[in-house]
Each structure stands twice: as C-alpha cells, then as structure tokens.
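J.:
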Amino acid sequence: MERVAARVKAVCTSTEKGVRKEDRGEGVFIAGYGIQGDAHAGSWHRQVSLLAQESVDKMIAQGFELVPGDFGENLTTEGIDVANLPLGTRLRVGEEVLLEVTQIGKECHHGCAIYQQVGDCIMPREGIFARVLLGGRVRNGDAITLENEYRLAIVTASDKGSQGVREDSSSGVIQKLTRELGTVVVYKILPDDKEKLAAELRHLADECAVDLVLTTGGTGFGERDVTPEATLAVVDRLVPGLPEAMRAASLTKTPHAMLSRAVAGIRGSPLIVNLPGSPRGVEESLNVILPALPHGLGVLTGRAAECGRLAKKAGD
C-alpha cells in the first residue's frame, strides 16, 4: 500500500440537495450507500463527493470567505490531489472505510447555493465522486491512503482441513505466488458443502470488496467435490478460458488433468477461480493464469482501459 501524507479536513453532510453541507466532525459511511443522513447517499455511483482544501484555497485567495462543505463536498481533503486521481482509484479513509473513485467532476448547476453567492463553483472542475466499498466511521483528521493492490481472498474446500485434521498447504502456495498481484485480505477453510461454500463466495463478492477469490479443492469426481457447483450457483458470467488453459497445461504432464471440473466466473466485479486441491496442482495452474490476471482484474475494476467501455463522464 502506498502511503501519502493526506488527511480528512472535514466530514460534511446535508439533508437537502443543492445546498451547502455542514462539517459534522465525523460520519458513518455505509457500504453501497454513502454517508448516513446525507441527501446524496443512495445506491448509485456518486455516493460520496470529495474536494481538496487546496482547491478551496484558490477561491479563498480571490477574497471569498469559505468553509468546508460550502461547495457541497462530503469530504474536504488535505495533502492529496483528488482532482487528478484516475477512475477506479481506491482510497482507505481512516481505519475502516474504503472508497472507489467513480467520477471526475460533474455538470455545473448554476442554481446551487455557492454559485449564487460567488458566481463560480469549483466542484464540477476539481471535485470527484466515489462509492463506498467498505463502511465504517470517519472523523476529521483521519488519514487517507491510496490502496493500489488488488484485494484477494482464498477459500479452501476440505472436510478434513475444516476439522483441523489435515494441514492446508495449498493456501500457502497461493499466497506465495500472488504476492505481486495483491494482498490476501480473507482466508477461510470450509467443509465440502455446496451451500456453505456458495454462501461464503457471495459474502466475499458482495460485502468484502475483494477483486479475486481463489478456491482450492473440491474440483474432482468425489461425491463431496462440489466447489464447481457452488461457484456456478453464484457467478453471473463464466470465464471458460482460465480453467481451459489450466487443464491444457496440466494435460502435458498427466492425462488426469482432463478430469478436473474447475470453473471460473464473475460475480459483479470480483473474479472467482477454482484451483486444484494439491499444492503442486495449485502451483502449476496459477503459473498458467497469473500472466493474464492483472489485465483481467484491471478491466473488472476499471483500472485498465478496454475497447468498447466508456468512463463515467460529467453529468452521467
């Protein structure tokens, strides 16, 4: 994680749109919604607005008396050039909250309170908007850091492993091989139970803001091998190329590779990939697909441009 000398100067909310917001000193951020009690919160892409104090200072230098929230921003920041953050940038605010930048600038509404007062509004030019990935409480003075790495989760499917009678060696191989890709933020060992596995995959994809879920185990012919079925029950779109590539590479070493039932798919934006249960199988499979994962995750998270996709524009 890259550390920057940035902090929250003010946490501002209002109960109405089109008016100045007031510095509340702190706020409760709700994942997928925004700041509790703020008029702009909702299930859309502009849940939280940010504006740098450095931008406000330029207006103050022109003789205007301004305080945090006057431009309708939720977070007034210091020490970070928010206006030049690319779409998809993730910001850790305080200890708990994770934001993702979704829009740069906005359409100027000349009827807003600050425009009527000073004849200009910098929010459309230098403000940004974000959605709340992880909720929590933010207070004035809290640190703001850029979170550049992908967030990974590992789920091991093993009856014996979940009972503590078998060591989970495969997860260690996954962590070692994915160090340059991202950080493992969740690790779970679960029994070979379709419903429990599916519930955990939904939780990770919908509530934990992970970008990639790697499962290990449960992809064979055994009666209790149900990881592919659990994955298929939760994904929205399949990514057949990944398991196909893993099987093709393994076939050069053993004909048993064609017996793997591993699948891969996307739920929302996170990618879920089934890996074999053995450490050797995990290593062989990951080495095949790792070169493609940075681009794939970049597209899913909006960090990489791809043909046919348009970034959010002002006023969208």
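Read in order, the letters of the sequence shown are residues 1078 to 1393 in our numbering.
C-beta: ideal position from N, C-alpha, C; glycine also.
In whole angstroms, give me the CA-to-CA distance for L1370 and S1246.
T.: Spanning the two alpha carbons is a distance of roughly 23 Å.
J.: Please classify T1279: does DSSP put it in a helix, a strand, or coil?
T.: According to the sequence as given, residue 1279 is Arg; it is not Thr. Helix, per DSSP.
J.: Going by the CB atoms, is the gap between L1267 and A1234 shorter than 7 Å?
T.: Yes. Within cutoff.
J.: How big is the Cα-Cα spacing for Q1037 and A1325?
T.: The structure shown has nothing for residue 1037, since the chain only spans 1078 to 1393.
J.: Identify, in the order they occur along the chain, each residue of the same chain with its Cβ nearer than 7 Å to the Cβ of G1018, setting aside the five sequence neighbours on each side.
T.: Here the chain has residues from 1078 to 1393 only, and residue 1018 is not among them.
J.: Are D1170 and I1221 close, meaning C-beta to C-beta below 7 Å?
T.: This sequence places Val at residue 1170; Asp is not what is there. A contact, by the Cβ cut-off of 7 Å.
J.: What is the DSSP secondary structure of V1241, counted as helix, strand or coil?
T.: The sequence as given places Gly at residue 1241; Val does not occur at that position. Here G1241 sits in coil by DSSP.
J.: State buried or exposed for E1172, treating a residue as buried only when at least 16 other CB atoms are found within 10 Å of its CB.
T.: It is exposed - the Cβ of E1172 has fewer than 16 other Cβ atoms within 10 Å.
J.: Taking the straight line between their C-alpha atoms, what separation do you get for C1285 and T1296?
T.: C1285 and T1296: Cα-Cα distance of roughly 24 Å.
J.: When you compare each of G1156, S1132 and L1363 to A1322 by their alpha carbons, which one comes out closest?
T.: Closest option to A1322, Cα to Cα, is L1363.
J.: Should R1357 be labelled buried (16 or more other beta-carbon atoms within 10 Å of its own) or exposed?
T.: So R1357 ends up on the exposed side.
J.: By Cβ distance, which residues of its chain are closer than 7 Å to G1373, with the 5 residues on each side in sequence left out?
T.: The residues are L1348.
J.: Step through the CB atoms of chain C and report whether any lies within less than 7 Å of the CB of L1254.
T.: Structure shown: chain C not included; a single protein chain is present.
J.: Determine the closest residue to A1276 out of Y1227, D1100, V1359 and A1310, with distance taken between C-alpha atoms.
T.: Answer by Cα proximity: A1310.
J.: For the candidate residues G1140, G1299 and Q1124, whose alpha-carbon lies nearest to that of L1336?
T.: For the residues G1140, G1299 and Q1124, the minimum Cα distance to L1336 belongs to G1299.
J.: Hey, which unbroken runs of the alpha helix (DSSP H) at 4 residues or more fall wholly within the stretch 1143 to 1168?
T.: List check, alpha helix (DSSP H) in window: nothing returned.
J.: Ignoring anything shorter than 3 residues or poking outside the stretch 1089 to 1120, list the beta strand (DSSP E) runs there in chain order.
T.: Counting only runs of 3 or more, we get 1103 to 1107.
J.: Between D1100 and A1087, what straight-line distance do the alpha-carbon atoms span, to the nearest angstrom?
T.: Approximately 6 Å, taken between the alpha carbons.
J.: Buried or exposed for A1082, going by 16 or more other Cβ atoms inside 10 Å?
T.: Per the 10 Å Cβ criterion, exposed.
J.: Thinking C-alpha only, which one of Y1264, R1314, R1338 and G1241 is nearest G1249?
T.: The option with the nearest alpha carbon to G1249 is Y1264.
J.: From K1094 to R1314, what distance separates their C-alpha atoms?
T.: Cα-Cα distance, rounded: 37 Å.
J.: Near G1182, what residues of its chain come up, given a Cβ to Cβ distance below 7 Å and the 5 sequence neighbours on each side ignored?
T.: If we look at G1182 and ignore the five residues flanking it on each side, its Cβ neighbours are P1201, R1202, G1204 and A1391.
J.: May I have the straight-line CA-CA distance separating P1320 from K1253, to the nearest angstrom?
T.: The alpha-carbon atoms of P1320 and K1253 are separated by roughly 21 Å.
J.: Report yes if the CB atom of S1126 is closer than 7 Å to the CB atom of N1151, and no otherwise.
T.: Yes.
J.: Determine, using beta carbons only, whether F1148 and Q1180 come nearer to each other than 7 Å.
T.: Contact flag unset, no.
J.: If you scan the stretch 1328 to 1384 from start to end, which runs of the alpha helix (DSSP H) of 4 or more residues do you find wholly inside it?
T.: For the stretch 1328 to 1384, whole alpha helix (DSSP H) runs of length 4 or above, ordered along the chain, are 1356 to 1366 and 1370 to 1378.
J.: Any idea what DSSP makes of G1218, helix, strand or coil?
T.: Correct three-state label for G1218: coil.
J.: Go ahead and pull the three-state DSSP assignment for V1081.
T.: In this predicted model, V1081 has a pLDDT of only 49, less than 50, meaning its place in the structure is not dependable; the value taken from the coordinates is given anyway. Of the three classes helix, strand and coil, the one that applies to V1081 here is strand, per DSSP.
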